[in-house]
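Asker: Pasting a structure below so you can have a look.
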Amino acid sequence: MRLLLHTCCGPCALYPLEAVLEAGHEVTMLYLNPNIQPKSEWQRRLDNVKIVADHYKLPLLVDDIYMEDEYVRRAKDEDRCLFCYGFRLEKVFERALADGFEAFSTTLLVSPYQNREAIIERGRALETNTLTFLPDDWRSGYRKGQEAAKTLGLYRQRYCGCLPSIEQSRFKDEIKARHQAEASLDQADRP
Ligand code: SF4
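First residue of the sequence shown? That's 999 in this note's numbering, and the numbers climb one at a time after it.
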């Protein structure tokens, strides 16, 4: 099938790509992650996804939608992740439909840390007669993918993506320090 694979980051893409390519799908990757903040992190994860696309010689589409204010506003919202899955899947679906794909899916399904049932429910709700949501369970390959990411020299992030999720990471001090250093460098570079 012609498959549009939503790609949340490089490391999470590796195992699902092995699986869908082995299954014979014709794959296009799509980076569409308005949830990843700050912008330097959004760019860093995209740079990694480009390395993966080059590695597998696959086409990569990029949607530069970025919604920091929306996620900060939803920081205390218990359903923040449901909104996040739903919003991204809807946009992926729209792109897949417009470009004539036969199936769509997301590399989020490799992660044992994401809400698999909610992702599948959202994906299935969008299906049409001509566009299928692929609900494959790639979680058994999560560690394998992370090891492959190390071998490829990919950056492996330590938080899900939005600014509120940094607060939930046990590495939050390290992450914040890095982001602060990047922001200072960015300021210093300005004329
Ligand atoms: S924690 Fe992750 S899935 Fe949940 S809203 Fe933030 S970026 Fe999205």
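Quick reminder that beta carbons are idealized off the backbone N, C-alpha and C, glycines included. Small disclaimer: the values here were computed from a predicted structure and weren't measured.
Identify the continuous alpha helix (DSSP H) that holds Thr1149 and give its terminal residues.
Answerer: Segment 1140–1150, the alpha helix (DSSP H) holding Thr1149.
Asker: With respect to 8 Å, is the separation between the Cβ of Pro1162 and the closest non-hydrogen atom of the ligand SF4 below this value?
Answerer: Answer for Pro1162: yes, Cβ within range of the ligand SF4.
Asker: Going by the CB atoms, is the gap between Arg1078 and Pro1162 shorter than 9 Å?
Answerer: The answer is yes: Cβ separation under 9 Å.
Asker: Can you list, in chain order, the stretches of the beta strand (DSSP E) that have 3 or more residues and sit fully within the region 1066–1126?
Answerer: 1101–1104, all fully within the region 1066–1126.
Asker: Look at the Cβ atom of Val1060, then the Cβ atom of Leu1012, and state whether they are nearer than 9 Å.
Answerer: No, they are not a contact pair.
Asker: Could you round the C-beta distance between Phe1091 and Phe1102 to whole angstroms and report it? I think they count as a contact, below 8 Å.
Answerer: Rounded, the Cβ-Cβ distance is 6 Å, consistent with contact.
Asker: Is the Cβ-Cβ distance between Arg1154 and Pro1009 less than 9 Å?
Answerer: Cβ atoms of Arg1154 and Pro1009: closer than 9 Å.
Asker: Does Leu1012 come out as helix, strand or coil in the three-state DSSP assignment?
Answerer: Helix at Leu1012.
Asker: Helix, strand or coil: which one does DSSP assign to Arg1000?
Answerer: Arg1000 falls in the strand class under three-state DSSP.
Asker: Cα-Cα, which of Thr1026, Ser1038, Asn1113 is closest to Asn1055?
Answerer: The sequence as given places Lys at residue 1055; Asn does not occur at that position. Considering only alpha carbons, the answer is Thr1026.
Asker: By Cβ distance below 8 Å, which residues in the same chain neighbour Phe1081 in space, the five residues on each side in sequence not counted?
Answerer: Arg1072, Asp1075.
Asker: Verify the contact flag: Asn1127, CB atom, against every heavy atom of the ligand SF4, threshold strictly below 8 Å.
Answerer: Answer for Asn1127: no, Cβ out of range of the ligand SF4.
Asker: Pull up the distance between the alpha-carbon of Ser1182 and that of Phe1131, whole angstroms please.
Answerer: About 42 Å.
Asker: Could you check which residue in Lys1148, Asn1113, Phe1099 has the C-alpha nearest to that of Met999?
Answerer: For Met999, the nearest C-alpha among the options comes from Phe1099.
Asker: In the structure shown, what three-state DSSP assignment does Tyr1029 receive?
Answerer: In this structure, Tyr1029 counts as strand in the three-state DSSP scheme.
Asker: Keeping to the same chain, check which residues put their C-beta closer than 7 Å to that of Leu1044; ignore five residues upstream and five downstream.
Answerer: Within the same chain, Leu1044 has close Cβ partners Tyr1029, Val1060.
Asker: Can you name the start and end residues of the alpha helix (DSSP H) that Leu1044 belongs to?
Answerer: Start and end: 1037–1054.
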